[in-house]
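Just below is one structure, and these are the notes that go with it.
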Amino acid sequence: MSESVAQGHETAETLHGFPVVNSLGQKVLLVDRASYVQVLKKLADDSFDMCVDLTAVDYLLMPNRTVAAGITPERYELVVNLLSMTRRERLRVRVQVPESDATMPSLFDLHPGTEAMEREVFDMFGITFEGHPDMTRILMPEDWDGHPLRKDYEVGRIPVQFKGAPA
Numbered sequence: 086m087s088e089s090v091a092q093g094h095e096t097a098e099t100l101h102g103f104p105v106v107n108s109l110g111q112k113v114l115l116v117d118r119a120s121y122v123q124v125l126k127k128l129a130d131d132s133f134d135m136c137v138d139l140t141a142v143d144y145l146l147m148p149n150r151t152v153a154a155g156i157t158p159e160r161y162e163l164v165v166n167l168l169s170m171t172r173r174e175r176l177r178v179r180v181q182v183p184e185s186d187a188t189m190p191s192l193f194d195l196h197p198g199t200e201a202m203e204r205e206v207f208d209m210f211g212i213t214f215e216g217h218p219d220m221t222r223i224l225m226p227e228d229w230d231g232h233p234l235r236k237d238y239e240v241g242r243i244p245v246q247f248k249g250a251p252a
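Counting the sequence shown from 1 gives a position; the working numbering is that position plus 85.
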């Protein structure tokens, strides 16, 4: 298996028709957006029935990175970490999400525990999950402008006055 997904090394191993690579000792399944929910359902049937984490990465500053042969890198990447208690295995699933259409189908019906995780990804990155029961902000106020974990988010300063400090 390959040393790193970022280096673009691939193996002949596939799972449900998609490449599996090794990243830091963990299997990583690289799935396309159109097959995302279907593959996650198959993985649940294969006993990867617990979604431990769902998050995203903004690769704005790395547009030409190598992912794997046949996979076009996009600005965003959705990362889902699954666990099989019966097999005592973990599996990471990575999906490329284009900036021009930052939407993904929700996993809520398959993994209800993703409800808060998907809201956090929406709040911090602006990726919308279709079919989510409550696609609202979870960390920032509802009227907050922007998504703080995007690489192009303008960081502002809020002055803080400490007791005894000169004004």
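Each residue gets a CB set at the ideal place from its N, CA and C atoms; glycine is no exception.
Treat the numbers as computed from the prediction; the structure is a model and nothing was measured.
Closest residue to residue i among the options (Cα-Cα distance)
| i | options | result |
| --- | --- | --- |
| residue 221 | 240, 201, 236 | 201 |
| residue 211 | 197, 194, 238 | 238 |
| residue 225 | 176, 236, 205, 218 | 205 |
| residue 173 | 98, 193, 156, 132 | 132 |
| residue 141 | 246, 235, 106 | 235 |
Alpha-carbon spacing of residue i relative to residue j, whole angstroms
| i | j | result |
| --- | --- | --- |
| residue 163 | residue 170 | 23 Å |
| residue 151 | residue 182 | 15 Å |
| residue 158 | residue 233 | 22 Å |
| residue 231 | residue 143 | 14 Å |
| residue 104 | residue 218 | 31 Å |
| residue 121 | residue 190 | 8 Å |
| residue 256 | residue 156 | In the structure as shown, the chain begins at 86 and stops at 252. Residue 256 is therefore absent and cannot be evaluated. |
Cut-off 7 Å between Cβ atoms - residues of its own chain near residue i, not counting five sequence neighbours on either side
| i | result |
| --- | --- |
| residue 213 | 187, 188, 207, 220 |
Neighbourhood of residue i by C-beta, 6 Å cutoff - its chain only, sequence neighbours within 5 removed
| i | result |
| --- | --- |
| residue 101 | 124, 127 |
| residue 135 | 168 |
Element boundaries [beta strand (DSSP E), containing residue i]
| i | result |
| --- | --- |
| residue 106 | 103 to 108 |
| residue 111 | 111 to 116 |
Completely contained beta strand (DSSP E) runs for the segment 191 to 215, where each covers 3 or more residues: 213 to 215
Minimum length 3: unbroken beta strand (DSSP E) runs contained in the segment 118 to 193: 135 to 143, 161 to 169, 174 to 182, 188 to 190
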